[in-house]
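Quick note on UniProt numbering: the sequence shown kicks off at 1 and runs consecutively. Where a beta carbon is used, it is the ideal one built from N, C-alpha and C, also for glycine. Input: a single structure, listed below in structure tokens.
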Amino acid sequence: MLAIMSLAGCATAQTTTASTAPATFETATPAAPWMGPLGPASTTVGGKGGQIVKVTNLDSAGPGSLREALQAEGPKIIVFEVGGIIDLDGDNLHVATSNITIAGQTAPSPGITLIKGGMVITGDDVIVQHLRIRPGDLGEAYRSGRDIDAITTISARNVIVDHCSLSWATDENLSASGPRFTGDTPDEWRDGTSHTIAYTNNIIAEGLSHSTHAKGEHSKGSLIHDNVSDILIYGNLYAHNFERSPLFKGGVHGAIVNNFIYNPGQRGVHYNLQGLEWGDVPAETGRMDLVGNVMRAGPSTSDGLPLLMIGGDGALDLHMAGNIAQDQWGSALPDAGSYTSNSASELNEAGPSKIITDLPILAAGQVESYVLKHAGARPWDRDAVDVRILADTAEGRGEIIDSQEQVGGYPELDATYRDFDPSQWHLDTMEPATQDALDSGLKAKGT
Numbered sequence: 001m002l003a004i005m006s007l008a009g010c011a012t013a014q015t016t017t018a019s020t021a022p023a024t025f026e027t028a029t030p031a032a033p034w035m036g037p038l039g040p041a042s043t044t045v046g047g048k049g050g051q052i053v054k055v056t057n058l059d060s061a062g063p064g065s066l067r068e069a070l071q072a073e074g075p076k077i078i079v080f081e082v083g084g085i086i087d088l089d090g091d092n093l094h095v096a097t098s099n100i101t102i103a104g105q106t107a108p109s110p111g112i113t114l115i116k117g118g119m120v121i122t123g124d125d126v127i128v129q130h131l132r133i134r135p136g137d138l139g140e141a142y143r144s145g146r147d148i149d150a151i152t153t154i155s156a157r158n159v160i161v162d163h164c165s166l167s168w169a170t171d172e173n174l175s176a177s178g179p180r181f182t183g184d185t186p187d188e189w190r191d192g193t194s195h196t197i198a199y200t201n202n203i204i205a206e207g208l209s210h211s212t213h214a215k216g217e218h219s220k221g222s223l224i225h226d227n228v229s230d231i232l233i234y235g236n237l238y239a240h241n242f243e244r245s246p247l248f249k250g251g252v253h254g255a256i257v258n259n260f261i262y263n264p265g266q267r268g269v270h271y272n273l274q275g276l277e278w279g280d281v282p283a284e285t286g287r288m289d290l291v292g293n294v295m296r297a298g299p300s301t302s303d304g305l306p307l308l309m310i311g312g313d314g315a316l317d318l319h320m321a322g323n324i325a326q327d328q329w330g331s332a333l334p335d336a337g338s339y340t341s342n343s344a345s346e347l348n349e350a351g352p353s354k355i356i357t358d359l360p361i362l363a364a365g366q367v368e369s370y371v372l373k374h375a376g377a378r379p380w381d382r383d384a385v386d387v388r389i390l391a392d393t394a395e396g397r398g399e400i401i402d403s404q405e406q407v408g409g410y411p412e413l414d415a416t417y418r419d420f421d422p423s424q425w426h427l428d429t430m431e432p433a434t435q436d437a438l439d440s441g442l443k444a445k446g447t
């Protein structure tokens, strides 16, 4: 039970006592890349049963490109007969139709990396797996106004982003968004924005700080926009983001479970309903399960940072259990604190929500090892950027950055090719049917 649940008017961190998480894995955990969807979005079917659409080149647009594959009509499973870098040159990919699976696991080594752009999902029933997306600053000036999310949803439902590596965004690395108010009632607001989402087993890292965003500093992990509901954020690595690891805005209903948050800046997890944005609309109470997470401070972390901070003008119903928060030397950090003096901002103790019912939950002491082993695109075939981020996280190194040039710049990789063999894959789930499905990708034919 949380010993202190009301932080109204408190400008300094307060410590709460958290109970043990309600469930744990057995010693032998499932094979994480093929665990299957979790939470409210587990009924998402993506492109199951649809046509196979092949990506055959690394062009930003045109025949054989990923952009053209996304525009094919009807349900579809997008597979890759090419591996390497897709340079979007500032032109985001739009996932605007429904019933799509983007199966990055099918690409030959080194897999698919998108640079200089992001992905905007507005369709429903979408599954995105095993892609790397690294927007970067495109060499443009500080505060030039180019604001790119690696992946964001806008008024989308039934979306799974799983085992992706998302870094160097100039807005958020991974977000869920839409209009704040659609219709007249809270239920209509929730239906009109993104909902029923699972963000699982991703690397969400190195959001660019003093870069091209019009507002200036903008190293952000995940923004979950006002009134988004039924969202699960599970098993992810958040590393080197100044804020929003993640941020739930006003009225969000969601769960944050078994994530590893390393080297946050001035905030880790936070909740904020901004009254200036809501105007005369009565504040909605948010709902958060914060269970079995680990936050470990790093070189860029503010001293004494609590795991959870609340700000703004709204209350949060909180179920908090089994988390660990530590400074760089292993000493405990506070569970919760406030960055507002507003008496409307308060934490209220709540029981577990339906989002985490039957969810496999690791004890916090297992989370760091699990996430470092399994998170991100293609854990069997990681690229140099992910290897560096994971190694720095394991060793307590690294920092928040302003440009991808500080850490080696955009990757350069030769194209590789391999024919897609449907017999090597379970087409209903896009799990490999044989080990050769992965091994042969590591032996792909180059140019």
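{"Query": "Measure the C-alpha to C-alpha separation of residue 105 and residue 140 and round it to an integer number of angstroms.", "Result": "32 Å"}
{"Query": "Look at residue 202 and residue 376 and say whether their C-beta atoms are less than 8 Å apart.", "Result": "yes"}
{"Query": "Compare the Cα-Cα distances from residue 61 to each of 110, 114, 300 and 35 and report the closest residue.", "Result": "114"}
{"Query": "Contact between the segment 421-438 and the segment 401-413 is defined here as three or more beta-carbon pairs at a separation below 8 Å; is this criterion met?", "Result": "no"}
{"Query": "With C-beta atoms as the reference, is residue 327 less than 8 Å away from residue 306?", "Result": "no"}
{"Query": "In the DSSP assignment, what residue or residues form a beta bridge with residue 175?", "Result": "152"}
{"Query": "I believe residue 264 touches residue 301 by the beta-carbon criterion, under 8 Å. Please report the beta-carbon distance rounded to the nearest angstrom.", "Result": "6 Å"}
{"Query": "Buried or exposed: which applies to residue 357, given that a residue is buried once 16 or more other Cβ atoms fall within 10 Å of its Cβ?", "Result": "exposed"}
{"Query": "Residue 346 to residue 299, Cα distance in whole Å?", "Result": "30 Å"}
{"Query": "Let me know if residue 276 comes out buried or exposed under the rule of 16 or more other beta-carbons within 10 Å of its beta-carbon.", "Result": "exposed"}
{"Query": "Is residue 374 helix, strand or coil when you go by DSSP?", "Result": "helix"}
{"Query": "Thinking just about the alpha-carbon of each residue, which of 303, 316, 69 and 282 is nearest to the one in residue 289?", "Result": "316"}
{"Query": "Check whether the Cβ of residue 321 lies closer than 8 Å to any Cβ atom in chain B.", "Result": "Note that chain B does not occur in the displayed structure, where there is just one protein chain."}
{"Query": "If we count the other Cβ atoms within 10 Å of its Cβ and call it buried at 16 or more, is residue 387 buried or exposed?", "Result": "exposed"}
{"Query": "When you compare the segment 142-149 with the segment 179-196, are there three or more beta-carbon pairs, one atom per stretch, that lie closer than 8 Å?", "Result": "no"}
{"Query": "Determine contact between the segment 217-228 and the segment 163-181, defined as no fewer than three beta-carbon pairs at a distance below 8 Å.", "Result": "yes"}
{"Query": "Would you mind stating whether residue 371 and residue 248 have Cβ atoms separated by less than 8 Å?", "Result": "no"}
{"Query": "Indicate the three-state DSSP secondary structure (helix, strand or coil) for residue 289 in the structure shown.", "Result": "strand"}
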